[in-house]
Amino acid sequence: AKSQSSDNPVYYIQYAHARVCSVLRQMEEKGLSHDRHHGLANLTLLTESHEQALLTGLSRYPEVVESAALNHEPHQLAHFLRELANDFHTYYNAHQFLVDDVALRDARLCLIKATRQVIANGLGLLAVSAPESM
Numbered sequence: 614a615k616s617q618s619s620d621n622p623v624y625y626i627q628y629a630h631a632r633v634c635s636v637l638r639q640m641e642e643k644g645l646s647h648d649r650h651h652g653l654a655n656l657t658l659l660t661e662s663h664e665q666a667l668l669t670g671l672s673r674y675p676e677v678v679e680s681a682a683l684n685h686e687p688h689q690l691a692h693f694l695r696e697l698a699n700d701f702h703t704y705y706n707a708h709q710f711l712v713d714d715v716a717l718r719d720a721r722l723c724l725i726k727a728t729r730q731v732i733a734n735g736l737g738l739l740a741v742s743a744p745e746s747m
């Protein structure tokens, strides 16, 4: 079996999913709420390079899935998920999500929830689990 580290791409992708889940658990523990509609209305606040990288990556998901399916090349999806996980881990290490600015917090939470959803969907297409904790 491969190691449970960033050297193992599946573990690395799953860990990104688990990290988003961890942030959401922390939000609940702190008694904070998330307003999805408020977050979507404030996506223009996501101006950091790490946020832009994630937004760009997320926007590519439909075309990657289509290309992987049409060309019978599931590795395209695996590579995409690895890149998305890398972008998320970089973002996670550089920024706080549960900030005092409610508009920014809601926008960032929308972004990481979208990342979690795309990772979960992509792993599901590859028949791999998306754990909530690791």
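All the letters of the sequence shown, read from the start, carry residue numbers 614 to 747 under the numbering used here.
Just so it is clear, CB atoms sit at the ideal spot from N, CA and C, and this is done for glycine as well.
The model shown is predicted, which means the values in this text are computed figures rather than measured ones.
Cutoff 7 Å; reference A707; Cβ partners in own chain excluding five residues on either side: H663
Environment of T660 [buried if 16+ CB atoms lie within 10 Å]: exposed
Start-end ranges of the alpha helix (DSSP H) lying completely within the segment 670-740, minimum 4 residues: 687-707, 715-738
Spatial neighbours of H688 in its chain, beta-carbon cut-off 7 Å, leaving aside the 5 residues before and after: none
Pairwise C-alpha distance: S742 and E676: Cα-Cα distance, rounded: 22 Å.
Helix, strand or coil at G652 [DSSP, three-state]: DSSP places G652 in helix when its eight states are reduced to three.
Cβ distance (whole Å) where C723 is taken to contact G644 below 8 Å: Their Cβ separation, rounded to whole angstroms, is 19 Å, which puts C723 and G644 out of contact at 8 Å.
Status (buried if at least 16 other CB within 10 Å, exposed otherwise) for Q665: exposed
CB contact flag (I732, L683, <8 Å): no
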